[in-house]
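Residue numbers (the working numbering), protein chains in the order written: chain A, 505 to 810; chain B, 505 to 810.
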């Protein structure tokens with residue numbers, strides 16, 4: 505095996521970290537997994553689902569004697585947890601994370617760890633709208649991409665180890681700077697989530713009778729937005745607060761485009777609408793060709809057939 | 505069988521009409537299906553796929569001797585086609601349509617048909633992002649809803665016949681006024697499509713290098729929007745032009761909410777974000793409970809597990 509761990513620590517035992525543990529265990533790549541979370545109930549679920557072999561609420565106790573630590577807490581809490589476990593880290597251990605924002609996380613964690621050169625920022629671009637230990641499943645990362653964001657000071661052997669771990673669970677690994685990651689993900693992930701949260705919020709504010717009808721006829725397009733807008737609230741709060749500049753920049757572009765479209769509808773400019781709707785079809789083809797459109801069952805009424 | 509047709513005419517042989525024909529044929533409910541479209545190539549595909557048994561580009565010739573006519577052209581073209589076939593309609597024939605806007609279509613068609621009381625506005629709330637004869641499949645309407653919009657003057661026997669047709673292919677049928685339909689669908693379908701078209705258009709305008717990266721990392725949320733934004737351009741142009749008031753009203757609410765969220769991000773109001781993101785999760789539950797969230801495979805990384 506290209507990646508092995510004698511003692512792997514999950515700080516946070518939710519969808520991402522839990523799925524990683526299941527995938528590594530299935531591959532026979534880990535001897536012992538330690539689960540660490542703030543709440544006992546979460547750890548009980550993680551143990552029951554076999555995401556970890558032992559569990560503790562104390563991050564410093566968790567990392568003793570470990571060779572690989574994966575930080576999977578919401579970005580806003582990650583600095584504090586890294587500061588807590590830092591002094592207890594074995595010198596040879598590699599630390600990585602799975603957060604959706606990188607510049608903020610890499611800065612914060614590097615500041616507080618005793619050996620920041622052994623920390624590699626990471627972001628597996630995979631997920632579902634479900635969170636917590638019960639949402640984890642072993643195939644989450646297959647045919648997905650994982651981005652690593654080492655900096656000039658990062659130890660190349662640490663990067664190689666984290667890369668091998670993600671490749672083992674089925675992902676293609678790319679490297680880029682934390683800042684570049686945040687700009688790319690602002691477009692592909694943060695803006696789409698923000699838009700989905702907004703439209704579902706707009707519906708949540710409708711009077712009750714109208715809302716009941718929205719539920720009935722949601723298959724007309726609304727359903728897809730509700731899935732995205734059901735994602736973890738705390739995690740996404742931290743994403744927007746900590747990738748503020750790139751999110752606001754993309755949101756500005758989006759709003760301009762939306763106002764232009766609104767104007768075209770108001771003034772009956774059918775050619776403007778048709779032209780845009782034709783261009784967006786080409787983008788779908790690009791996504792499908794890049795292998796990023798999940799192919800569902802052909803008989804699925806919402807199926808995508810590339 | 506509760507619905508039977510000796511000679512059914514599809515005016516337009518795309519995704520919706522084609523799927524309806526396949527479903528009715530599978531049920532053994534139609535003796536002969538006539539396909540009618542503007543382009544010979546479309547009719548050749550429709551014949552090859554077995555959507556129809558005979559074909560013509562002339563709407564008046566198509567409807568001769570028919571007992572059921574389904575208008576499946578984009579809303580903007582439906583008045584003209586109804587005017588062309590009107591004089592040739594047998595007195596006992598029932599006419600319906602499958603358009604996504606109803607007030608405009610019902611007004612326009614009722615104006616030009618010789619017996620408007622035999623016309624029943626209809627909208628099967630089902631579809632995929634694919635269009636044309638090749639996109640049709642027989643199970644498209646199963647477990648879906650279909651809305652009929654009869655008016656005070658509509659013949660109840662015509663309504664009953666159209667209802668029976670949609671029930672036979674697996675849909676639940678509701679009745680409401682054309683105006684009410686347009687307000688409900690503005691929320692559940694037209695606004696979501698407009699938003700998806702806009703965000704995908706915003707990405708289409710990025711410089712080429714950035715766009716290539718968006719394709720690679722689209723699984724972070726963007727993918728779902730590209731699917732919706734790949735829907736038929738002419739059809740959707742006509743929807744927005746012909747449900748203008750309700751679309752602009754919902755768009756206004758959405759824009760206000762988006763600006764408020766933008767402000768919360770700029771000022772770091774984490775509690776505002778977390779509160780909204782928690783409320784939107786509840787809406788997802790409402791959609792799932794209403795049976796409108798398609799349940800994909802559990803091992804699908806984008807799966808929804810209600």
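Just so you know, even glycine gets a beta-carbon here, dropped at the ideal spot from N, CA and C. These numbers were taken from a predicted model, which means no experiment stands behind them.
Just confirm the distance between the C-beta atoms of residue i and residue j, as a whole number of angstroms; I'd bet it's less than 8 Å.
| i | j | result |
| --- | --- | --- |
| residue 673(B) | residue 645(B) | 5 Å |
| residue 650(B) | residue 624(B) | About 11 Å; that fails the 8 Å criterion. |
| residue 632(A) | residue 526(A) | Residue 632(A) to residue 526(A), Cβ: 14 Å. No contact. |
| residue 785(A) | residue 734(B) | 5 Å |
| residue 616(B) | residue 590(B) | 6 Å |
| residue 583(A) | residue 620(A) | Contact doesn't hold; Cβ gap of about 12 Å is too wide. |
| residue 811(B) | residue 759(A) | One cannot answer for residue 811(B) here, as it falls past the ends of chain B, which runs 505 to 810. |
| residue 524(B) | residue 574(B) | 6 Å |
| residue 610(A) | residue 546(A) | Residue 610(A) to residue 546(A), Cβ: 26 Å. No contact. |
May I ask which residues mark the beginning and end of the beta strand (DSSP E) holding residue i?
| i | result |
| --- | --- |
| residue 782(B) | From DSSP, residue 782(B) is part of no beta strand (DSSP E) but of the alpha helix (DSSP H) over 774-793. |
| residue 559(B) | 558-560 |
| residue 510(B) | 509-515 |
| residue 601(A) | 598-601 |
| residue 535(A) | 534-540 |
| residue 575(B) | 572-575 |
Looking at residue j and residue i, is the spacing between their C-beta atoms short of 9 Å?
| i | j | result |
| --- | --- | --- |
| residue 668(A) | residue 558(A) | no |
| residue 514(B) | residue 555(B) | yes |
| residue 533(A) | residue 571(A) | no |
| residue 723(B) | residue 648(A) | yes |
| residue 543(B) | residue 561(B) | yes |
| residue 587(B) | residue 599(B) | no |
| residue 530(A) | residue 642(A) | yes |
| residue 742(B) | residue 772(A) | no |
| residue 678(B) | residue 747(B) | no |
| residue 781(A) | residue 682(B) | no |
| residue 692(A) | residue 705(B) | no |
| residue 511(B) | residue 569(B) | yes |
| residue 752(B) | residue 713(A) | no |
| residue 604(B) | residue 637(B) | no |
| residue 593(B) | residue 622(B) | yes |
| residue 640(B) | residue 521(B) | yes |
| residue 728(B) | residue 729(A) | yes |
| residue 699(B) | residue 699(A) | yes |
| residue 719(B) | residue 539(A) | no |
| residue 662(B) | residue 750(B) | no |
| residue 695(A) | residue 745(A) | no |
| residue 670(B) | residue 697(B) | no |
| residue 721(A) | residue 796(B) | yes |
The ligand MN and residue i: does the residue's C-beta get closer than 8 Å to at least one heavy atom of that ligand?
| i | result |
| --- | --- |
| residue 640(A) | Although the ligand MN was asked about, the structure shown includes no ligands whatsoever. |
So residue i is in the alpha helix (DSSP H); what residue range does that whole segment cover?
| i | result |
| --- | --- |
| residue 648(B) | Neither: residue 648(B) is in no alpha helix (DSSP H) and is coded neither H nor E. |
| residue 522(B) | 519-530 |
| residue 766(A) | 748-770 |
| residue 553(B) | Counting along the chain, residue 553(B) falls outside any alpha helix (DSSP H), and DSSP gives it neither H nor E. |
| residue 588(A) | 579-589 |
| residue 563(B) | 563-567 |
In chain order, what are the residue ranges of uninterrupted alpha helix (DSSP H) at least 4 long that sit wholly in the stretch 660-742 of chain A? 660-672, 682-689, 695-708, 712-720 and 726-732
Residues of the stretch 660-694 of chain B whose Cβ lies closer than 7 Å to any Cβ of chain A, in chain order: 688, 689, 691, 692 and 693
The stretch 720-746 of chain B: which residues have C-beta closer than 7 Å to a C-beta of chain A, in chain order? 720, 721, 722, 723, 724, 725, 726, 727, 728, 729, 730, 731, 732, 733, 734, 737, 738, 740, 741, 744 and 745
4 or more residues per run - each alpha helix (DSSP H) lying fully within the stretch 611-652 of chain A: none
Closer than 8 Å, Cβ to Cβ, to anything on chain A: give me those residues from the stretch 744-771 of chain B, in chain order. 744, 745, 748, 751, 752, 754, 755, 757, 758, 759, 761, 762, 763, 765, 766, 769 and 770
The stretch 700-719 of chain A: which residues have C-beta closer than 9 Å to a C-beta of chain B, in chain order? Within the stretch 700-719 of chain A, the qualifying residues are 700, 701, 702, 703, 704, 705, 706, 707, 708, 709, 710, 714, 715, 716, 717, 718 and 719.
Using a Cβ-Cβ cut-off of less than 8 Å, list which residues of the stretch 530-548 of chain A approach chain B; keep chain order. none
Could you please tell me which residues of the stretch 585-614 of chain A, in chain order, have their CB closer than 7 Å to any CB of chain B? none
With 7 Å as the limit, tell me which residues of the stretch 776-790 of chain A have their beta carbon closer than that to any beta carbon of chain B; keep them in chain order. 777, 778, 780, 781, 782, 783, 784, 785, 787, 788 and 790
Select from the stretch 635-663 of chain A all residues with a C-beta closer than 7 Å to any C-beta belonging to chain B, and list them in chain order. 641, 643, 644, 648 and 649
Please name the residues in the stretch 620-634 of chain B whose beta-carbon is closer than 8 Å to at least one beta-carbon of chain A, in chain order. 629, 630, 631, 632, 633 and 634
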